[in-house]
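**Student:** Going from the sequence shown to this note's numbering is simple: count from 1 and add 888.
Note that beta-carbon positions come from the ideal geometry of N, C-alpha and C, so glycine has one too.
Note that the structure is predicted; figures quoted are calculated from it, not measured.
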Amino acid sequence: MLAPNDQALSADESARSAERSRWALSWDRGHAEIFAVGGSLHNLTLVLDDGSSVMPLAEAPWINDPKIAANADIPAHLRQLGGEWACVPFGKTPVDPHHHGYGTNNAWHVTSETAAEIALAIDYPSDHPIKRVERHIAGVPGEAAVEITLTVEARADCLLPVGLHPIFRMPEQGKRLLLDPGVFSQGHTFPEIVEPGVSRLKPDDIFASLEQVPLENGSVADLSSQPSGLAEEIIQIDGASGCIRILYPDDGYRVQLDWNRDDFPAALIWLSDRGRSAPPWSSSFRGVGIEPVNAWFDDTRFAPQAPDSLSLGRNFTAGERWTTRYRISASRMDASTHEGTST
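1) When burial is assigned at 16 or more other CB atoms within 10 Å of the CB, is residue 1109 buried or exposed?
2) Residue 920: buried (16+ other C-beta within 10 angstroms of its C-beta) or exposed?
3) Please list the segments of the beta strand (DSSP E) lying wholly inside the segment 1130 to 1200, counting only runs of 3 or more residues, in order along the chain.
4) Whole beta strand (DSSP E) runs in the segment 990 to 1047 with 3 or more residues, listed along the chain?
5) Classify residue 1122 as helix, strand or coil using the three-state DSSP reduction.
6) Using only CA atoms, which one of 1051, 1033, 1018 lies nearest to residue 1042?
7) Is residue 1147 near residue 1176, with beta carbons less than 9 Å apart?
8) With H, G and I counted as helix, E and B as strand and the rest as coil, what does DSSP make of residue 986?
9) Tell me whether the segment 1131 to 1147 and the segment 1183 to 1190 touch, counting them as touching only if at least three CB pairs, one residue from each stretch, are closer than 8 Å.
10) Taking only three categories from DSSP, how would you classify residue 957?
11) Just how far apart, CA to CA, sit residue 1083 and residue 1166?
12) Give me, in chain order, the residues of the same chain whose beta-carbon lies closer than 6 Å to that of residue 1163; leave out the 5 immediate sequence neighbours on both sides.
13) Assuming residue 981 contacts residue 1048 under a Cβ cut-off of 8 Å, what Cβ separation, rounded to an integer in Å, is found between them?
14) For residue 1109, which of helix, strand or coil comes out of DSSP?
15) In this structure, does DSSP put residue 967 in helix, strand or coil?
16) Can you look up residue 922 in the DSSP assignment and give me helix, strand or coil?
17) With C-beta atoms as the reference, is residue 926 less than 9 Å away from residue 968?
18) Could you check the C-alpha separation between residue 1204 and residue 1154 for me, to the nearest Å?
19) If you reduce the DSSP assignment to three classes, tell me which class residue 904 lands in.
20) Between residue 1187 and the rest of its own chain, which residues show a CB-CB distance below 6 Å, the 5 nearest in sequence each way excluded?
21) Grab the span of the beta strand (DSSP E) containing residue 1216 for me, first residue to last.
22) With three or more C-beta pairs closer than 8 Å as the rule, is the segment 992 to 1006 touching the segment 1200 to 1215?
23) Could you give the distance in angstroms between the alpha-carbon of residue 1088 and the alpha-carbon of residue 908?
24) My understanding is that residue 1004 touches residue 1032, with C-beta atoms under 8 Å, so please give their C-beta distance in whole angstroms.
25) Rounded to the nearest angstrom, how far is the Cβ of residue 1078 from that of residue 946, given a contact under 8 Å?
26) With C-beta atoms as the reference, is residue 1040 less than 9 Å away from residue 1209?
27) If you reduce the DSSP assignment to three classes, tell me which class residue 1092 lands in.
28) How many Å lie between residue 1112 and residue 1096 at the Cα?
29) My output table needs one value for residue 1055: the three-state DSSP class, helix, strand or coil.
30) Would a C-beta distance cut-off of 9 Å place residue 929 and residue 918 closer than the cut-off?
31) Kindly indicate which three-state DSSP category residue 1075 falls into: helix, strand or coil?
32) Quick one: residues in its chain with C-beta nearer than 8 Å to the C-beta of residue 1059, no 5 flanking neighbours on either side, listed in chain order?
33) Can you tell me the Cα-Cα spacing of residue 964 and residue 1189, whole angstroms?
34) Return the chain-ordered list of same chain residues with a C-beta closer than 8 Å to the C-beta of residue 1218, the five sequence neighbours on each side being excluded.
35) Which residue comes first and which comes last in the beta strand (DSSP E) that contains residue 928?
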């Protein structure tokens, strides 16, 4: 949190802040950029105990392409895809025309900042059931970690799917990525083919382990280890532990995402390895989305297919301010210690 002597921005500072599209974040164990669109965290660099640096989040290769940036036909969040942001609401819903919510595709403003932390907010349209969303992003002193606080203020009573959307980088070609989701109750494949002609998982099926996810051809795929031979897939794990580790054994480090499992009882896992060919993707994006959610996948039209025991979203009460916290950290792996997946 901001120190007691840190002040909110003055009117002049707020005006200057509104004209900016990016802000820098820096502390003794890392640095990052914050983009105005989505209030999103980008280019996160974490300094490990041995002094080496890692960049755990994926960034689209087209982010600084002026043609893509000027193409209003492409949603704003796709023009700068990567990093981490919050989705209020998550996915497609009848109350918000923006995929992943108004806050994903519009510019936030800074309410206070220091070198090592920043607070941002966005006011939603007057006819939206959500009034305001706020984010506080802080580097953790002495640690290769960043802590994020999300606050949602409701305007009206509503049931909304909500989620977080960090996208972690795929390793270089020839190197491995291992996913350790911790304990979860059940896994589900996407209700329909994610990318026609590319996706190979059997739609609308269940599984108990990332190592045995059903394919359309009747066999199974091991999604705990990448590359898996799959190019574009989305799965959801329910009863998630609130901690998922992404291991890069060939590079000797691990990344960990921690969140409150009561706030987000499930997690989407999105595997994208050059699987989407339409612009701006152009078969160039590589990343693993680890997305804690209180939702059933990313479209409310799938709600009738959801298990009865699964939450379809969070119940907000008019005037309520709901806050949740989560953390991304990195550390060296002990090469002598076996680390793998668990269910």
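**Tutor:** Put simply:
1) buried
2) buried
3) 1131 to 1136, 1141 to 1147, 1154 to 1161, 1174 to 1182
4) 997 to 1001, 1005 to 1011, 1018 to 1027, 1033 to 1042
5) strand
6) 1018
7) no
8) coil
9) no
10) helix
11) 11 Å
12) 1083, 1086, 1119, 1120
13) 7 Å
14) strand
15) helix
16) strand
17) yes
18) 18 Å
19) Residue confidence is low: residue 904 scores 49 on pLDDT, short of 50, so the model does not pin down where it sits. Its coordinate-derived value is still stated next. Of the three classes helix, strand and coil, the one that applies to residue 904 here is helix, per DSSP.
20) 979, 980
21) 1209 to 1220
22) no
23) 42 Å
24) Rounded, the Cβ-Cβ distance is 14 Å, inconsistent with contact.
25) Between residue 946 and residue 1078 the Cβ distance is about 20 Å, and since that is not below 8 Å, they are no contact.
26) yes
27) coil
28) 12 Å
29) strand
30) no
31) strand
32) 1065, 1114, 1136, 1138, 1139
33) 23 Å
34) 934, 936, 942, 944, 1032, 1033, 1141, 1142, 1143, 1144
35) 928 to 935
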